[in-house]
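Chemist:
Number of protein chains: 4
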Amino acid sequence: MAIEEMGFEARPVPGRQRTAIGIVGNEGRAEPARLSGLPGVAEVIHVTRPYRQVSREWCSEPTIIQLPGGVTIGGGSIVVMAGPCSIENEEQLLEAAVAVRDAGASMLRAGAFKPRSSPYAFQGLGLRGLEMLARVREETGLLIVTEAIDAEGVGAVADVADVIQVGARNMQNSSLLKRAGRAGKPVLLKRGMAATIQELLLAAEYIVAEGNPGVILCERGIRSFDPSTRYLFDLSAIGVVHALSHLPIIADPSHGTGRRDLVPAMARAAVAAGADGLLIEVHPHPEEALSDGGQTLDPAEFRQLMREARPIAEAIGRRIAEPTGVRI
Amino acid sequence: MAIEEMGFEARPVPGRQRTAIGIVGNEGRAEPARLSGLPGVAEVIHVTRPYRQVSREWCSEPTIIQLPGGVTIGGGSIVVMAGPCSIENEEQLLEAAVAVRDAGASMLRAGAFKPRSSPYAFQGLGLRGLEMLARVREETGLLIVTEAIDAEGVGAVADVADVIQVGARNMQNSSLLKRAGRAGKPVLLKRGMAATIQELLLAAEYIVAEGNPGVILCERGIRSFDPSTRYLFDLSAIGVVHALSHLPIIADPSHGTGRRDLVPAMARAAVAAGADGLLIEVHPHPEEALSDGGQTLDPAEFRQLMREARPIAEAIGRRIAEPTGVRI
Amino acid sequence: MAIEEMGFEARPVPGRQRTAIGIVGNEGRAEPARLSGLPGVAEVIHVTRPYRQVSREWCSEPTIIQLPGGVTIGGGSIVVMAGPCSIENEEQLLEAAVAVRDAGASMLRAGAFKPRSSPYAFQGLGLRGLEMLARVREETGLLIVTEAIDAEGVGAVADVADVIQVGARNMQNSSLLKRAGRAGKPVLLKRGMAATIQELLLAAEYIVAEGNPGVILCERGIRSFDPSTRYLFDLSAIGVVHALSHLPIIADPSHGTGRRDLVPAMARAAVAAGADGLLIEVHPHPEEALSDGGQTLDPAEFRQLMREARPIAEAIGRRIAEPTGVRI
Amino acid sequence: MAIEEMGFEARPVPGRQRTAIGIVGNEGRAEPARLSGLPGVAEVIHVTRPYRQVSREWCSEPTIIQLPGGVTIGGGSIVVMAGPCSIENEEQLLEAAVAVRDAGASMLRAGAFKPRSSPYAFQGLGLRGLEMLARVREETGLLIVTEAIDAEGVGAVADVADVIQVGARNMQNSSLLKRAGRAGKPVLLKRGMAATIQELLLAAEYIVAEGNPGVILCERGIRSFDPSTRYLFDLSAIGVVHALSHLPIIADPSHGTGRRDLVPAMARAAVAAGADGLLIEVHPHPEEALSDGGQTLDPAEFRQLMREARPIAEAIGRRIAEPTGVRI
């Protein structure tokens, strides 16, 4: 029988209309496609999950990622990462950094390399942007998270960043995932806009399988049919990930909604839902931002968001991490 | 020119590739299909919204719905409706009612008429169920919300219920909407599983246009591609509705996720997001429920949910409404 | 054990990470929710389908529906139904009827009752429209298909129509489905815009379970994220339905795309994919249509579509049914 | 005024509820986010398309891509590319190649580099696979299409392939797109599983903007809510692309449905819908395939598919291209 030729055990469960056949011993590697192509097979149904090291079964305790300055992601505290979508120049970056630090963010998030839908949209400052990030990290004591958009770029990003971001469009870019798995820095992995939670965990498995256990997942909205919001922000992903995996997951309501007016309420909701952190787009002057201005808060709005998020964190027995300063 | 024949004004805005033509004076009634069929028209783009009385422009203050016993929906307080998916017998119903009242719910929600995907699934007790609801209302002082599944049934439901539910599968059943609009009781209108927010508001407009201003909207999850949850619970709908409409909107995390383990976190998130109420499935013995047991809390879980929801409400300056008892 | 208390047999299949338990003897009636609520249950997976009489297992031969004048649906021939979205007046209706008959349609499809998203959109002529349909049937010999939008209206529609349409918004309106199941006329059941194929088949099962075996399914587009088309026309539904059910399925590219320019190509594709019929919106003057003008062909375009569809039908060994005339 | 500061012209169209403002002179580069962030702006609505060189406005004639041996893509003929998902060994590849050539395919499609959801799934033979492709091209005269999964790999793929494939998971991998745009070979660009048509065209614009006009688009199914098929095969994409762009578009019913039993009907439908080519997974022994076996045809099924596709192509005035042999 074909199943046994593949080296597995077959256990039939006959029913009146159909016979179910349990397959044991496959450890996630059986190719469902080979089975569904066999004559007489109506459907292949998975019982075991295809990922391994990222699963709760592999490690029942939540992963806690240690960053410089004593910042941790994944424990009782909630880490806030904030900053402009794109680095535009050093003044803008420093102004944003000071504003988000003063409001209580622990990490500065700003893009030097920007993956854009259109080749004619602003693509970021590149290496010059990374240098600005390094100087602003020095000046403000904020930890840095910034995106690498290809395997070649991972090294340069890892030299500067405390956390390397892999963006939604690259969630299944396996070359980038593997390279990030060898970069020696934690990775913030954003959910693809059409990725299931299982695919998100499999993408994380690519990084962990290369020897890097420090993966922070991020819900940032998925595709849906209602044009009211840019994406559909899937807050139940937080609980689903926590049930299946020991990895931390943070929430990005800026991309998740695409609407500045919805960001504060969705940030509060994410904290209430158990998110391990927030990623918020903040720009000193959103109306002048070179990208994503419509979903970006100004510093005053961000301070108000932080004021609202703190008591919600406390209501569920957690707290918003305070910025520590990397030089201390 | 065709636009003027339709009685509207046409204002051209010539561009390099295309000419945009603004149409003024249409008051939401222009048939886009007639325009898109005209020769030389590449696309019809709406600027004005097609709904009227449910819009913020029609009434800038939030609607506050007055129910017996001083319960209000839509102001600063958050109303909790809870109970079993289906009424199974009077003991089960009373036991559930007492449990949810003691935990702090103001309204009992239980189904006498059940719209089910399969004709072989339990379809509810019908009129006998309504009689049980009337007696349990009398005994417990809880307000009643229960579903009408067709225009004929609205009268019988309105005799017993304080709020008439129109379910997701019937959100665009215009005969039912119109009849509910003349029923003299507030209506809880659940979002269809593939309905845009605009379509939800248009469905509400059907009810309001018949003279019934008391419409409570409800987010209960929409269709998406990830099988992790039964539906995708769209919490940003709360903020979107509040931006467009003066009507209150509540959240149903039980249907919204379909998973008992996710309900508490999503209930907290809904409160944090600004929901005007919660709809929670609670059964004395969920594992014996005739329908929806997998997404139903037991009384102890529901009490815990209420304990967690209260400080979150307070953190955003609101409070969970206390049960008042309709006889007082 | 709980499964045996429910009257079923439990057959365990132990694996390394999880134990699968086969349940036998349930005949589609086991409540998955009761099982998923049990302690230690991670997931409930269905093997048997929940519908019965509409399944291929129930009847392996395709259902062939006999209509007056020798028209059949579901055999080797492909039936074309065409006409205006709404009946506007008798002249328009007759003009459309003559045009579609002359191009080769066997059935006239036109709406007397129109379910619309907005209460301010044109809602149809109602009973006056049905009278016009009866007269036009008499004059042209075309069979009639028209929509009933509530259980009360089924009788009046059944008096005039050869086939009663249940629209996409009402696919899960169980009162309407049950009433249509007792109407004594075949039913054209349109897929809901967020309905899975399984839900479509369960809705059909409601009709068949009332004793009416004459159900014609219809794919008309489902919700998706790309605004390029009004709906996403799911042509694979045709093959999926044919694999699971003996019922015929036709395709409606007018609603399925919402774009007049795409209708002919998608009609050809539907025929090539094995559809048992086509439903095409045709209006003598689409640019003046009171509804759906943007997706409606004019008579010349429809004649061209018919000319293109015929050789494609022949290429797969089928043919487009010729109009017969009900009086003959 | 802000719009004029950005260098554009502003043309107001006042309405009763809102004022629309037309912006002229932006040539697709206005950042909508900057506008939607401005006070008093309710919505930003695009009139002009953001892509340029791939648009019908840029070039009204369809692009015809010339390949070795006189094969053309994008004219009246329909090119069939077929072969196994993965190259497993040289015997399997050669056997598949001979089978698809004998059935009438012009191009061999087989993967040396495989982007997989799971790091534990078979990842392809890599450079060894490319060498096998080169030898099989020599022996059979078939043109080769194979995938590059990162920018580094483009050169090696371009040395062997007649057409470089960019896969669905990499549709927005801008580093890969730019590199493919400089590779000197035509590019087969598959639509991402959550990509709108507009995003697909923008991804193509990345390639064309680097100086490579030879882009072949490919519809391969998008994400949807119905588990009946692996993806939802969007055949209307063919007509939508042809309306907006001069680039050819082919269809991949193997990935588009994920079901071997649906592939022939959907291939026929794609031809009827106007596709400029087909991409079909064929394996000498699908039940032994290392990947995608469940959606793969065997040689006999593929020959039957080709026999059915030819008369459908003729019915719409096109023809299936015959294999020419690259050595001739």
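Protein chains in written order, with this note's numbering: chain A, 1 to 328; chain B, 329 to 656; chain C, 657 to 984; chain D, 985 to 1312. Quick reminder that beta carbons are idealized off the backbone N, C-alpha and C, glycines included.
1. Residue range of the alpha helix (DSSP H) that THR474 of chain B falls in?
2. Is the shortest distance between the beta-carbon of LEU575 of chain B and the beta-carbons of chain A less than 8 Å?
3. By Cβ distance, which residues of its chain are closer than 8 Å to GLY1301 of chain D, with the 5 residues on each side in sequence left out?
4. Flag SER446 of chain B as yes if its beta-carbon sits less than 8 Å from any beta-carbon of chain A, otherwise no.
5. Below 9 Å on C-beta distance, what does GLU636 of chain B contact in chain A?
6. Let's test the definition: count the other Cβ atoms within 10 Å of the Cβ of ILE23 of chain A and tell me whether it reaches 16, buried, or not, exposed.
7. Taking Cβ to Cβ, would you say GLY239 of chain A is nearer than 8 Å to ALA273 of chain A?
8. Tell me whether ALA300 of chain A is buried or exposed, calling it buried when 16 or more other Cβ atoms sit within 10 Å of its Cβ.
9. Run down chain D in chain order and give the residues with a C-beta less than 7 Å from the C-beta of PHE553 of chain B.
10. Classify GLY973 of chain C as helix, strand or coil using the three-state DSSP reduction.
11. Go through the segment 801 to 872 of chain C residue by residue and report every complete run of the beta strand (DSSP E) that reaches 3 residues or more, in order.
12. Report, in whole angstroms, the separation of the C-beta atoms of ALA965 of chain C and CYS741 of chain C, which I expect to be a contact under 8 Å.
13. Taking only beta-carbon positions, decide if ARG633 of chain B is within less than 8 Å of chain C.
14. Mind checking SER716 of chain C: buried by the 16 CB within 10 Å criterion, or exposed?
15. Going along chain B, which residues have a C-beta under 7 Å from MET849 of chain C?
16. Pick helix, strand or coil for ILE968 of chain C, following the three-state DSSP scheme.
17. Helix, strand or coil: how does DSSP classify ARG757 of chain C here?
18. Please check if any C-beta of chain A sits within less than 8 Å of the C-beta of LEU1246 of chain D.
19. With the cut-off set at 8 Å, would you say LEU1117 of chain D and ILE1071 of chain D are in Cβ contact?
20. Report the residue from B:ILE544, B:GLU467 and B:VAL488 whose alpha carbon sits nearest the alpha carbon of GLY495 of chain B.
21. Along the alpha helix (DSSP H) that carries GLY1240 of chain D, what are the first and last residues, could you check?
22. Give the DSSP-derived three-state secondary structure of GLY930 of chain C in the structure shown.
23. Determine which residues share a DSSP beta bridge with GLY739 of chain C and list them.
24. Based on DSSP bridge pairs, tell me the residues matched to GLN420 of chain B.
25. Decide if the segment 1208 to 1219 of chain D is in contact with the segment 852 to 865 of chain C; the criterion is three or more beta carbon pairs, one per stretch, under 8 Å apart.
26. Between the beta-carbon of ARG757 of chain C and the beta-carbon of MET737 of chain C, is there less than 8 Å?
27. Applying the 10 Å Cβ sphere with the 16-neighbour rule, what's the burial state of MET1 of chain A?
28. Taking 8 Å as the cut-off, does the segment 915 to 923 of chain C touch the segment 1238 to 1250 of chain D (at least 3 CB pairs, one atom from each stretch)?
29. Rounded to the nearest angstrom, what separates ILE250 of chain A and CYS218 of chain A at their Cα positions?
30. Does DSSP classify THR1124 of chain D as helix, strand or coil?
31. What distance in whole Å lies between the Cβ atoms of SER1158 of chain D and PRO149 of chain A, which are believed to be in contact at a cut-off of 8 Å?
32. Under 8 Å, Cβ to Cβ, is there at least one residue of chain D near ALA921 of chain C?
33. Please state the DSSP three-state secondary structure of GLN451 of chain B.
34. Strictly below 9 Å CB to CB, what residues from chain B border PRO706 of chain C?
35. Quick check: what's the CA-CA separation for GLU1079 of chain D versus GLY1113 of chain D?
36. Give me the residue from C:PRO904, C:PRO979 and C:GLY870 with the minimum Cα distance to ARG838 of chain C.
Modeler: Answer, in terms of the structure:
1. By one-based count along the second sequence, residue 474 of chain B stands at place 146. It is not in any alpha helix (DSSP H) - THR474 of chain B instead sits in the beta strand (DSSP E) that spans 471 to 475.
2. Stepping through the second sequence from its first residue, residue 575 of chain B is reached at position 247. By this cut-off, LEU575 of chain B is not an interface position.
3. On the fourth sequence, residue 1301 of chain D is found 317 positions in, with the first residue counted as 1. Within the same chain, and ignoring the five residues on either side of GLY1301 of chain D in sequence, the residues whose Cβ sits closer than 8 Å to its Cβ are GLY1060.
4. Numbered from 1 along the second sequence, position 118 holds the residue referred to as residue 446 of chain B. Under the 8 Å criterion on CB atoms, SER446 of chain B is classed as non-interfacial with respect to chain A.
5. To locate residue 636 of chain B, count along the second sequence from 1; it is residue 308. Going along chain A in sequence order, the residues near GLU636 of chain B (Cβ under 9 Å) are ALA272, ALA315 and ILE316.
6. Within the first sequence, the letter at position 23 stands for residue 23 of chain A. Note on ILE23 of chain A: pLDDT 48, under 50, position unreliable in the model; the coordinate value appears next. Looking at its Cβ environment, which holds 16 or more other Cβ atoms inside 10 Å, ILE23 of chain A is buried.
7. In the first sequence, the residue the question calls residue 239 of chain A occupies position 239. In the first sequence, the residue the question calls residue 273 of chain A occupies position 273. Contact flag set, yes.
8. As a first step, residue 300 of chain A must be located in the first sequence, where it is residue number 300. With fewer than 16 other Cβ atoms within 10 Å, it is exposed.
9. On the second sequence, position 225 is the one that residue 553 of chain B refers to. By Cβ distance, chain D contributes ARG1207, SER1208 and PHE1209.
10. Walking along the third sequence from the start, residue 973 of chain C turns up at place 317. Three-state DSSP puts GLY973 of chain C in coil, outside helix and strand.
11. You should have 819 to 822 and 843 to 846.
12. Residue 965 of chain C sits at position 309 when you count from the first residue of the third sequence. Residue 741 of chain C sits at position 85 when you count from the first residue of the third sequence. In this structure ALA965 of chain C is not in contact with CYS741 of chain C, their Cβ atoms being roughly 21 Å apart against a cut-off of 8 Å.
13. As a position in the second sequence, residue 633 of chain B is number 305, starting the count at 1. Just to set this straight, residue 633 of chain B is Leu in the shown sequence, not Arg. False, the Cβ-Cβ gap to chain C never drops below 8 Å.
14. Translated into the one-based positions of the third sequence, residue 716 of chain C becomes position 60. SER716 of chain C comes out exposed.
15. Position 193 of the third sequence, counted from the start, is the residue given in the question as residue 849 of chain C. Chain B residues near MET849 of chain C: ALA522.
16. Position 312 of the third sequence holds residue 968 of chain C. Looking at ILE968 of chain C - three-state DSSP - the assignment turns out to be helix.
17. Residue numbering aside, residue 757 of chain C sits at position 101 when the third sequence is read from its first letter. Looking at ARG757 of chain C - three-state DSSP - the assignment turns out to be helix.
18. Locating residue 1246 of chain D in the fourth sequence gives position 262, where the first residue counts as 1. No, because no Cβ of chain A sits closer than 8 Å to the Cβ of LEU1246 of chain D.
19. Indexing the fourth sequence from 1 puts residue 1117 of chain D at position 133. Indexing the fourth sequence from 1 puts residue 1071 of chain D at position 87. Taking 8 Å as the Cβ cut-off, LEU1117 of chain D and ILE1071 of chain D qualify as a contacting pair.
20. For the purposes of this step, residue 495 of chain B is taken as residue 167 along the second sequence, with counting starting at 1. If we check each option's Cα against that of GLY495 of chain B, B:ILE544 comes out closest.
21. In the fourth sequence, the residue the question calls residue 1240 of chain D occupies position 256. GLY1240 of chain D: member of the alpha helix (DSSP H) spanning 1237 to 1241, first to last residue.
22. As a working mapping, residue 930 of chain C is identified with position 274 in the third sequence. It is coil, neither helix nor strand.
23. The residue labelled residue 739 of chain C in the question sits at position 83 within the third sequence. C:GLU937, per the DSSP bridge assignment.
24. Within the second sequence, numbered from 1, the residue matching residue 420 of chain B stands at position 92. Answer is none; GLN420 of chain B lacks a bridge partner.
25. yes
26. Here the question's residue 757 of chain C lines up with position 101 in the third sequence. Here the question's residue 737 of chain C lines up with position 81 in the third sequence. With a cutoff of 8 Å on beta-carbon distance, ARG757 of chain C and MET737 of chain C are scored as not near each other.
27. Here the question's residue 1 of chain A lines up with position 1 in the first sequence. Only weak support is given to the placement of MET1 of chain A: the predicted model assigns it a pLDDT of 46, under 50, and the value that follows is read from those uncertain coordinates. Answer is exposed; the Cβ neighbour count stays below 16.
28. Counting Cβ pairs under 8 Å, fewer than three are found: no touch.
29. By 1-based counting over the first sequence, the position of residue 250 of chain A is 250. By 1-based counting over the first sequence, the position of residue 218 of chain A is 218. Spanning the two alpha carbons is a distance of roughly 5 Å.
30. Residue mapping note: residue 1124 of chain D aligns to position 140 of the fourth sequence, counting from 1. THR1124 of chain D falls in the helix class under three-state DSSP.
31. Along the first sequence, read from residue 1 onward, the residue named residue 149 of chain A stands at position 149. Along the fourth sequence, read from residue 1 onward, the residue named residue 1158 of chain D stands at position 174. Inspection of the sequence shows that residue 149 of chain A is occupied by Ile rather than by Pro. Right, their Cβ atoms sit about 7 Å apart.
32. In the third sequence, residue 921 of chain C corresponds to position 265, counting from 1. With a threshold of 8 Å between beta carbons, ALA921 of chain C makes contact with chain D.
33. Translated into the one-based positions of the second sequence, residue 451 of chain B becomes position 123. Coil at GLN451 of chain B, not helix or strand.
34. Here residue 706 of chain C corresponds to residue number 50 of the third sequence, with the count starting at 1. Residues of chain B passing the Cβ test: SER445, SER446, TYR448 and ALA449.
35. Walking along the fourth sequence from the start, residue 1079 of chain D turns up at place 95. Walking along the fourth sequence from the start, residue 1113 of chain D turns up at place 129. About 15 Å.
36. For the purposes of this step, residue 838 of chain C is identified with residue 182 of the third sequence, where counting begins at 1. Selected option, being the one with the closest Cα: C:GLY870.
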